[in-house]
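Trainee:
2 protein chains.
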Amino acid sequence: MDDASKRRRVDISTGEIVPIERHESLGERAYASLKDSLIRGALRPGMKLTVRSVAQALHVSTTPARDAITRLIGEGALVNLGPKTVVVPELTLAALDEITAIRLALEGLAAEKAATKVAPEDIEELERLQERINRGLDEARYTDVLDANKDFHFLIYRRSGMSRLVAIVETLWLQIGPAFNDLYPEFAQSRTGVSNHLFALRGLQDHDSAAVRAAIENDIRSGYRRLSSLVSARQER
Amino acid sequence: MDDASKRRRVDISTGEIVPIERHESLGERAYASLKDSLIRGALRPGMKLTVRSVAQALHVSTTPARDAITRLIGEGALVNLGPKTVVVPELTLAALDEITAIRLALEGLAAEKAATKVAPEDIEELERLQERINRGLDEARYTDVLDANKDFHFLIYRRSGMSRLVAIVETLWLQIGPAFNDLYPEFAQSRTGVSNHLFALRGLQDHDSAAVRAAIENDIRSGYRRLSSLVSARQER
DNA sequence: ATTTGAAATTTGATGCAACAAAATGATGGT
DNA sequence: ACCATCATTTTGTTGCATCAAATTTCAAAT
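Chains A and B are the protein sequences, given in the same order.
Going left to right, the first sequence walks through residues 3 to 239 as this note's numbering numbers them.
Going left to right, the second sequence walks through residues 3 to 239 as this note's numbering numbers them.
#1: Beta-carbon separation of D184 of chain A and R46 of chain A under 7 Å?
#2: Less than 7 Å between CB atoms is the rule here; does G76 of chain A satisfy it with respect to chain B?
#3: Quick check for students: name the residue ranges of the alpha helix (DSSP H) that lie wholly in the region 44-109 of chain B, counting only runs of 4 or more.
#4: Buried or exposed, going by whether 16 or more other CB atoms sit within 10 Å of the CB of K37 of chain A?
#5: How about A150 of chain B and I135 of chain B: are their beta carbons less than 7 Å apart?
#6: Residues in the same chain with beta-carbon distance under 8 Å from P85 of chain B, minus the five sequence neighbours each way, listed in chain order, please.
#7: Return no unless some Cβ of chain A is closer than 7 Å to the Cβ of G167 of chain B.
#8: I want to verify the contact list: residues of chain A whose CB lies under 7 Å from the CB of E100 of chain B, in sequence order.
#9: Determine, using beta carbons only, whether G78 of chain B and Q177 of chain B come nearer to each other than 7 Å.
#10: S107 of chain B CB to nearest chain A CB: under 7 Å?
#11: Going by DSSP in three states, H209 of chain B sits in which element: helix, strand or coil?
#12: For M242 of chain B and G138 of chain B, I'd like the C-alpha separation in whole angstroms.
#13: Under three-state DSSP, which class holds K119 of chain B?
#14: Are the CB atoms of Y159 of chain B and V168 of chain B within a distance shorter than 7 Å?
#15: Can you give me, in chain order, the residues of the region 53-73 of chain A that have a beta carbon less than 7 Å from any beta carbon in chain B?
#16: For S211 of chain A, which residues from the same chain have a beta carbon less than 6 Å from its beta carbon, with the 5 sequence-adjacent residues on both sides left out?
#17: Buried or exposed for R193 of chain B, please, with buried defined as at least 16 other CB atoms from any protein chain shown within 10 angstroms of its CB.
#18: Inspect the beta-carbon positions of N82 of chain B and V88 of chain B and report whether they are closer than 7 Å.
#19: Look at R161 of chain A and V214 of chain A and say whether their C-beta atoms are less than 7 Å apart.
#20: Using three-state DSSP, classify I19 of chain A as helix, strand or coil.
#21: Measuring only the C-alpha atoms, how far is I71 of chain B from F201 of chain A?
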């Protein structure tokens, strides 16, 4: 065992400094819980959050509740409308445009890198997820559809091996998540995403980076078209 | 004044929800101060940070100090080596590779968008910044060079009009910042960046998106080449 | 030298009270 | 109905004490 690995706990295989297993603090759990609520659409756009209400809902004191809220504001998942007013932001068309442009760049990059690294087990898992999406569409279980869709995308992105990239993409999904869920089932009902996913799967099997990127970009764009029309309809109301 | 704008303080011109002027809380100032120290290289990689030491250095209590540290960990600017050990991370080659790939995608995008939006005043300001870079190189004032270089890049990026994109890019610079400064003046001495900046300027004047993107990408790549050789030299020491 | 282990110290997490500021509600006048 | 003004309540922020856990120190043994 060399000197560096004693002092710094590095992963021998890559030489990369590996973040130690996170101590599951209350602040961490509060953050994860709020984040999950946002992505799942339990917190609707416009809803006001206060430190004390979050603390009470999570059965913790104000300190970890404030931690969670502060972090989510930093990520853009919550916004300050006033000095003492934090709300779940409504998705504007301008915000959706910007986020979509960034998503195309980053998720395209992740998809491209993943194409050369996916293992056969990954393909199988993706096929299972696609089955869940299809079944969910048939049985009108739209929550399942959204969940499986998210898992499908992020399984691919994780295979890029770029953890920072995945983390950034997560913050982007976090920003459109509330509106996403606010507008479903109108959103999830569409089946246009299915063929894009199939193209992505085929591209992954062939290790064809360009094809996978194109499929993911198409998926993002078709989602954008549907979301933007719903958003602009709401905006001029 | 319509109903929504009373309750929600929206920016009429874009319809975008605009974050209210941030209350300059101690936590906010502590965060900004630490961030600045990191980008300026006052905190070297490997240096250990504790809540109490930061609190003492900033003349505040532990609460705002902890706020700042927690947020910076969330952004990847600080890392947890142990449950109670946060340090300024050393830049590994793998991390540099990943960050560079993301930078090429995002800063390229920002540069492209900015090309169609820059005003003549912006060009003038960029030329002044380039002068500062040139003078700094002549007079061996490398801190000035790094500062002006950062201002040059971010003035362009801000002109993309994509605030979320700029914020993400800032977190990327924050992650390479400490190593950047740790390794200068070796880094700043090189003049290869100058011609890239001139190409970018010309592209901006012509509103040639592709040219500006190419110039910025070249600048990032040439910086990568120099940084990576220094990093790998240090890594196998 | 290096390692081991235990004692001593330092550390992050958490809850809470106090305070100033902001948001909310009530009131009255037009 | 509408709006200004004031009183009330709610709210974020901050500092601090406490505690369990992690880190560091140091000495003894190999």
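Ideal Cβ positions, reconstructed from N, Cα and C, are used throughout, including at glycine.
Source: prediction; values computed, not measured.
Mentor: According to the data block:
#1: Against the first sequence, residue 184 of chain A aligns to sequence position 182. Against the first sequence, residue 46 of chain A aligns to sequence position 44. Contact check for D184 of chain A against R46 of chain A passes: the beta carbons are separated by less than 7 Å.
#2: Residue numbering aside, residue 76 of chain A sits at position 74 when the first sequence is read from its first letter. By this cut-off, G76 of chain A is an interface position.
#3: Those alpha helix (DSSP H) runs which fall completely within the region 44-109 of chain B and span 4+ residues are 53-60 and 64-76.
#4: For the purposes of this step, residue 37 of chain A is taken as the residue at position 35 of the first sequence. By the neighbour-count rule (16 or more Cβ atoms within 10 Å), K37 of chain A is buried.
#5: In the second sequence, counting from the first residue as 1, residue 150 of chain B sits at position 148. In the second sequence, counting from the first residue as 1, residue 135 of chain B sits at position 133. With contacts defined by Cβ atoms closer than 7 Å, A150 of chain B and I135 of chain B form a contacting pair.
#6: Taking the second sequence and counting its residues from 1, one reaches residue 85 of chain B at position 83. Beyond the five residues adjoining it in sequence on each side, P85 of chain B comes within less than 8 Å, by CB distance, of no other residue in the same chain.
#7: Working through the second sequence from its first residue, we reach residue 167 of chain B at position 165. In the sequence under discussion, the amino acid at residue 167 of chain B is Leu, which differs from the Gly named in the question. Yes, its Cβ sits closer than 7 Å to a Cβ of chain A.
#8: Here residue 100 of chain B refers to the residue found at position 98 of the second sequence. Simply M164, R166 and L167.
#9: Sequence index remark: in the second sequence, residue 78 of chain B carries index 76 (1-based). Sequence index remark: in the second sequence, residue 177 of chain B carries index 175 (1-based). Judged by beta-carbon spacing, Q177 of chain B lies within the 7 Å limit of G78 of chain B, meaning their Cβ atoms are closer than that value.
#10: In the second sequence, counting from the first residue as 1, residue 107 of chain B sits at position 105. Note on identity: in this sequence residue 107 of chain B is Ala, with Ser being the wrong assignment. Yes, A107 of chain B lies at the interface with chain A (some Cβ there is under 7 Å from its Cβ).
#11: Translated into positions along the second sequence, residue 209 of chain B becomes position 207. Coil.
#12: For residue 242 of chain B there is no data in the structure shown, the boundaries of chain B being 3 and 239.
#13: Looking up residue 119 of chain B in the second sequence gives position 117. Reduced to three states, the DSSP call for K119 of chain B is coil.
#14: Sequence index remark: in the second sequence, residue 168 of chain B carries index 166 (1-based). Sequence index remark: in the second sequence, residue 159 of chain B carries index 157 (1-based). In this structure, Y159 of chain B lies closer than 7 Å to V168 of chain B by Cβ.
#15: The residues in question are D69, T72 and R73.
#16: The residue labelled residue 211 of chain A in the question sits at position 209 within the first sequence. So the list reads E114 and A117, once near-sequence residues are dropped.
#17: Here residue 193 of chain B is taken as the residue at index 191 of the second sequence, counted from 1. Looking at its Cβ environment, which holds fewer than 16 other Cβ atoms inside 10 Å, R193 of chain B is exposed.
#18: Position 80 of the second sequence holds residue 82 of chain B. Position 86 of the second sequence holds residue 88 of chain B. Yes.
#19: Along the first sequence, one-based indexing puts residue 161 of chain A at 159. Along the first sequence, one-based indexing puts residue 214 of chain A at 212. Cβ distance not < 7 Å, so R161 of chain A and V214 of chain A don't count as in contact.
#20: Sequence index remark: in the first sequence, residue 19 of chain A carries index 17 (1-based). Interpretation of I19 of chain A is limited by its pLDDT of 40, a score under 50 that renders its predicted location unreliable; the figure taken from the coordinates is listed afterwards. It is a strand residue.
#21: The sequence position of residue 71 of chain B within the second sequence is 69, counting from 1. The sequence position of residue 201 of chain A within the first sequence is 199, counting from 1. In a straight line, the C-alpha of I71 of chain B is about 43 Å away from that of F201 of chain A.
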